[in-house]
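A.B. asks:
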Amino acid sequence: DAGVIQSPRHEVTEMGQEVTLRCKPISGHDYLFWYRQTMMRGLELLIYFNNNVPIDDSGMPEDRFSAKMPNASFSTLKIQPSEPRDSAVYFCASRGTQETQYFGPGTRLLVL
Amino acid sequence: GNSVTQMEGPVTLSEEAFLTINCTYTATGYPSLFWYVQYPGEGLQLLLKATKADDKGSNKGFEATYRKETTSFHLEKGSVQVSDSAVYFCALSGTNAGKSTFGDGTTLTVKP
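The listed protein sequences correspond, in order, to chains A and B.
For the first sequence, counting from 1, position 40 maps to 40 in this note's numbering; every step adds exactly one.
Positions in the second sequence are counted from 1; adding 1000 to them yields this note's numbering.
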């Protein structure tokens, strides 16, 4: 298996632009998680899905952030409009019946 | 709610030194316990896990024992290498609807 796939790996954009991050979980996994990692705040859980349904989005910082999972093999995290404080590494992770989470390589976002 | 407390870092050791990174947890029920490792520029990956009291997880020379009486899961390695330099995260899962609770991470630097 290819593992969790994220795209793009790097994104540089200007304040006010829309940013869309993409994730393909491991086939057969029924949980998908979006995390954000920064030096200041560490690793934060933003939202997670079970069987494509959002279960807990209490970590989403504000209405500028939205996430969707239209099917079992694809999810997006969108920031609109983006701000410099959104600069971070965004990770997608998935898990199946085992409790181990498998992380993607991350998307490094820089908002200028 | 669930929580994980890790030994604060950063930790700097010389090659072949003994490593201990402390981890204690608070949880309802009987969680599974994990250590994840994050190498520079990568996502987190599972290092080892234990699913019940007194279990010992081990991998790549690292070990941790699930101690229910002290609610701890300390990570140890007898002789660290430069290649072990990374951030180590303690985590628990299994008591909160599918998601995991992570500690803040401990940065380990091993010098030759």
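From the three backbone atoms N, C-alpha and C, an ideal C-beta is built for every residue, glycine too.
Checking 8 Å against the spacing of the C-beta atoms, do Q1038 (chain B) and I1021 (chain B) come in under that value?
C.D. replies: In the second sequence, the residue the question calls residue 1038 (chain B) occupies position 38. In the second sequence, the residue the question calls residue 1021 (chain B) occupies position 21. No, these two residues do not count as a Cβ contact at 8 Å.
A.B. asks: For the beta strand (DSSP E) holding Q1006 (chain B), just list the boundary residues, first then last.
C.D. replies: If you number the second sequence from 1, residue 1006 (chain B) lands on position 6. S1003 to Q1006 is the span of the beta strand (DSSP E), which, as asked, contains Q1006 (chain B).
A.B. asks: So, helix, strand or coil for S66 (chain A), using DSSP?
C.D. replies: Start at 1 with the first residue of the first sequence, and residue 66 (chain A) comes out as number 66. S66 (chain A): strand per DSSP, three-state reduction.
A.B. asks: At 7 Å on the CB atoms, spell out the chain A contacts of E1042 (chain B), in chain order.
C.D. replies: Your numbering for residue 1042 (chain B) matches position 42 in the second sequence. The contacting residues are P105.
A.B. asks: Using DSSP with H/G/I as helix, E/B as strand and the rest coil, what is P25 (chain A)?
C.D. replies: Working through the first sequence from its first residue, we reach residue 25 (chain A) at position 25. Correct three-state label for P25 (chain A): coil.
A.B. asks: Tell me the residue span of the beta strand (DSSP E) that contains N1059 (chain B).
C.D. replies: Taking the first residue of the second sequence as position 1, residue 1059 (chain B) is located at position 59. Here the beta strand (DSSP E) through N1059 (chain B) covers K1056 to N1059.
A.B. asks: Between the stretch 76-107 of chain A and chain B, which residues of the former have a C-beta closer than 7 Å to a C-beta of the latter?
C.D. replies: Listed in sequence order: F91, E99, T100, Q101, F103, G104, P105 and G106.
A.B. asks: What residues from the stretch 38-64 of chain A come within 8 Å of chain B, judged by C-beta to C-beta, listed N to C?
C.D. replies: G42, L43, L45, Y48, N50, I55 and D56
A.B. asks: Given that a residue counts as buried once 16 or more other Cβ atoms are within 10 Å of its Cβ, and exposed if not, what is Y115 (chain A)?
C.D. replies: Since the first residue of chain A shown is 1 and the last is 112, residue 115 (chain A) is not available in this structure.
A.B. asks: Is the Cβ of S1079 (chain B) closer than 8 Å to any Cβ of chain A?
C.D. replies: For the purposes of this step, residue 1079 (chain B) is identified with residue 79 of the second sequence, where counting begins at 1. Not an interface residue.
A.B. asks: Span of the beta strand (DSSP E) holding Y48 (chain A)?
C.D. replies: Translated into positions along the first sequence, residue 48 (chain A) becomes position 48. Looking at the DSSP string, the run of the beta strand (DSSP E) that includes Y48 (chain A) is G42 to N50.
A.B. asks: Return the residue from the list A:C92, A:A2, A:F65 and A:I5 that minimises the CA-CA distance to F49 (chain A).
C.D. replies: Looking up residue 49 (chain A) in the first sequence gives position 49. The option with the nearest alpha carbon to F49 (chain A) is A:C92.
A.B. asks: In whole angstroms, what separates the C-alpha of E44 (chain A) from that of D1104 (chain B)?
C.D. replies: Residue mapping note: residue 44 (chain A) aligns to position 44 of the first sequence, counting from 1. Residue mapping note: residue 1104 (chain B) aligns to position 104 of the second sequence, counting from 1. About 10 Å.
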